[in-house]
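Engineer: Chains as they are written, first to last, in the numbering used here: chain A, 1 to 106; chain B, 107 to 294. Beta carbons: idealized from backbone N, C-alpha and C, even for Gly. Model, not experiment: these values are computed from the prediction.
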Amino acid sequence: MSNLTLEHYLILSAVLLGIGLLGVFTRRNVIVVLFSIEILFNAANLNFIAFWRFGDQPEALMGPIFALFAIAVAAAEVAVGLALVIAVYRHFKTVDLEKLDTLKEE
Amino acid sequence: MIEQVAFYILSAVAVLGALLAVSRRNLVHGVFALLLFFAALSGLFVMLLADYVAAVQVLVYIGAVGILLLFTIMLTEHVTGDDLRRLGVRGWFWGLLLAVAVPAVLILPAVLNEKSAKAAPIVVAQGNPALANNATQANTVKALGKVLMEKYVVPLEVLALLLTAALIGAVAVAHAPEKDASGKDTPA
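1. Out of curiosity, what's the CA-to-CA distance linking B/GLY177 and B/LEU203?
2. Starting from B/LYS248 and walking both ways along the alpha helix (DSSP H), at which residues does that stretch end?
3. Are there 16 or more other CB atoms within 10 angstroms of the CB of B/VAL215, so buried, or fewer, so exposed?
4. According to DSSP, is A/ASN184 part of a helix, a strand, or is it coil?
5. A/LEU21 to A/LEU40, Cα distance in whole Å?
6. Chain A partners of B/GLU256, CB-CB under 9 Å?
7. Within its chain, find whatever has a CB closer than 7 Å to the CB of A/ARG28; leave out the 5 residues flanking it on each side and keep chain order.
8. Does B/GLN163 pass the burial test, meaning 16 or more other C-beta atoms within 10 Å, or should it be called exposed?
9. Rounded to whole angstroms, how far is the Cβ of B/ARG130 from the Cβ of B/ALA120, which I believe are closer than 8 Å?
10. Using a Cβ-Cβ distance under 8 Å, would B/GLU263 count as near chain A?
11. Taking Cβ-Cβ distances below 7 Å as the criterion, which residues of the region 110-143 of chain B are in contact with chain D?
12. Using the Cβ count rule (16 or more neighbours within 10 Å means buried), how would you classify B/ALA170?
13. At least one CB of chain B closer than 8 Å to the CB of A/PHE92: is that the case?
14. Tell me which residue opens and which closes the alpha helix (DSSP H) that B/ASP157 is part of.
15. Going by C-alpha distance, which of B/PHE143, B/MET107 and B/VAL134 is nearest B/LEU116?
16. What number of angstroms, rounded off, separates the C-alpha of B/ILE168 from the C-alpha of B/MET153?
17. Closer than 7 Å by beta-carbon distance: list the chain B residues that pair up with A/LEU46, in chain order.
18. Please decide whether A/THR112 counts as near chain B, where near means a Cβ-Cβ distance under 8 Å.
19. Are A/VAL15 and A/VAL24 close, meaning C-beta to C-beta below 8 Å?
20. Taking 8 Å as the threshold (beta carbon to beta carbon), is A/LEU22 in contact with chain B?
21. Less than 8 Å between the CB atoms is what I'm expecting for B/PHE151 and A/ILE49, so what's the real figure, rounded?
Next comes the structure, spelled out in structure tokens:
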């Protein structure tokens with residue numbers, strides 16, 4: 001009955017990836033860039049799960065395992081990333097990426 | 107039929123949430139849009155029969171990551187973020203170009219392949235017998251636990267180590283340097 005194919009999920013995932021990339025490239029606030037990275041992670045997770053569901057070895061459970069590991073690593077990344085944001089804010093009094101140019105050659 | 111309606115509703119919510127999250131100037135509104143996105147994705151995981159991943163998605167992303175993001179926003183600057191207009195035309199051009207080009211390149215094969223996909227339909231989508239059995243299974247939790255404790259026990263332990271290291275690292279990095287009487291920073 002269901003006419004949903006793998007392509008449906010892959011296209012959705014690609015669109016979400018594009019939105020995440022848009023955020024990473026056009027926003028100048030570190031926190032929004034972190035949001036966008038989360039969107040990218042989730043788009044990738046959707047692909048893992050979709051390939052698992054429509055693949056020929058669903059009993060192997062590779063998709064959920066990979067997604068779970070990705071979620072755990074993403075959580076660690078967010079914790080460290082936000083700690084860095086707080087440290088950077090304490091030092092520079094801003095989270096604007098355009099103003100964090102200490103390493104840039106004048 | 108119902109499955110398709112659910113898929114399109116959830117996809118619309120996910121795309122809308124993601125778009126709002128990356129475009130709102132008010133960061134708190136952005137976080138709530140992001141939570142909406144996470145919730146829609148969790149629904150999609152349920153539709154793909156990955157029940158445990160969906161539950162973890164709710165617990166980790168909506169529960170932990172969302173709150174963490176909110177706290178960071180409160181601890182830094184203003185609630186309103188950057189001014190979008192300040193980014194030059196060139197920045198917008200390249201950002202949009204990449205954001206459209208990368209998914210286009212990814213989607214293209216799926217679209218071009220439509221004919222061959224019909225000739226040799228993605229059978230698994232409709233009726234893979236193995237999946238049909240799986241679909242009637244109560245859930246994947248038991249099988250996942252077994253696999254994690256047997257085949258993937260070493261990666262699991264490494265992951266635990268990584269999470270511990272991240273916890274300690276996050277505390278160490280975010281720890282405020284203590285001020286002594288003269289107001290100078292001393293290493294924590």
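Structural biologist: So, from the listed chains and residues:
1. The residue given as residue 177 of chain B occupies position 71 in the second sequence. The residue given as residue 203 of chain B occupies position 97 in the second sequence. Here residue 177 of chain B turns out to be Phe, not Gly, going by the sequence shown. Distance between the alpha carbons of B/PHE177 and B/LEU203 is about 33 Å.
2. For the purposes of this step, residue 248 of chain B is taken as residue 142 along the second sequence, with counting starting at 1. 247-256 is the extent of the alpha helix (DSSP H) around B/LYS248.
3. Along the second sequence, one-based indexing puts residue 215 of chain B at 109. Reading off the sequence, residue 215 of chain B comes out as Pro, not Val. Looking at its Cβ environment, which holds fewer than 16 other Cβ atoms inside 10 Å, B/PRO215 is exposed.
4. Given a span of 1 to 106 for chain A in the structure shown, any question on residue 184 of chain A remains unanswerable.
5. As a working note, residue 21 of chain A is residue 21 in the first sequence. As a working note, residue 40 of chain A is residue 40 in the first sequence. Each residue's alpha carbon lies about 7 Å from the other.
6. Residue numbering aside, residue 256 of chain B sits at position 150 when the second sequence is read from its first letter. Those within 9 Å of B/GLU256 in chain A number zero; the least Cβ separation is about 11 Å.
7. Position 28 of the first sequence, counted from the first residue, corresponds to residue 28 of chain A. Excluding positions up to five away in sequence, the list reads ASP96, LEU97 and GLU98.
8. On the second sequence, residue 163 of chain B is found 57 positions in, with the first residue counted as 1. It counts as buried.
9. Position 24 of the second sequence, counted from the first residue, corresponds to residue 130 of chain B. Position 14 of the second sequence, counted from the first residue, corresponds to residue 120 of chain B. With a Cβ gap of about 16 Å, B/ARG130 and B/ALA120 do not count as contacting.
10. Sequence index remark: in the second sequence, residue 263 of chain B carries index 157 (1-based). Contact of B/GLU263 with chain A is not assigned, every C-beta pair being separated by 8 Å or more.
11. The question asks about chain D, but that chain is absent: this structure's protein chains are A and B.
12. One-based indexing of the second sequence puts residue 170 of chain B at position 64. Counting Cβ neighbours within 10 Å, B/ALA170 comes out exposed, since fewer than 16 surround it.
13. Residue 92 of chain A sits at position 92 when you count from the first residue of the first sequence. No - not a single Cβ of chain B is within 8 Å of the one on A/PHE92.
14. On the second sequence, residue 157 of chain B is found 51 positions in, with the first residue counted as 1. Unbroken alpha helix (DSSP H) run through B/ASP157: 157-162.
15. Residue mapping note: residue 116 of chain B aligns to position 10 of the second sequence, counting from 1. For B/LEU116, the nearest C-alpha among the options comes from B/PHE143.
16. As a first step, residue 168 of chain B is located in the second sequence; it is residue number 62 there, counting from the start. As a first step, residue 153 of chain B is located in the second sequence; it is residue number 47 there, counting from the start. Spanning the two alpha carbons is a distance of roughly 18 Å.
17. Taking the first residue of the first sequence as position 1, residue 46 of chain A is located at position 46. Under the 7 Å cutoff, chain B gives LEU147 and LEU150.
18. Here chain A has residues from 1 to 106 only, and residue 112 of chain A is not among them.
19. Residue mapping note: residue 15 of chain A aligns to position 15 of the first sequence, counting from 1. Residue mapping note: residue 24 of chain A aligns to position 24 of the first sequence, counting from 1. Result no, Cβ atoms of A/VAL15 and A/VAL24 do not sit closer than 8 Å.
20. Your numbering for residue 22 of chain A matches position 22 in the first sequence. Taking Cβ atoms only, chain B reaches closer than 8 Å to A/LEU22, which makes this a yes.
21. If you number the second sequence from 1, residue 151 of chain B lands on position 45. If you number the first sequence from 1, residue 49 of chain A lands on position 49. Their Cβ separation, rounded to whole angstroms, is 6 Å, which keeps B/PHE151 and A/ILE49 in contact under 8 Å.
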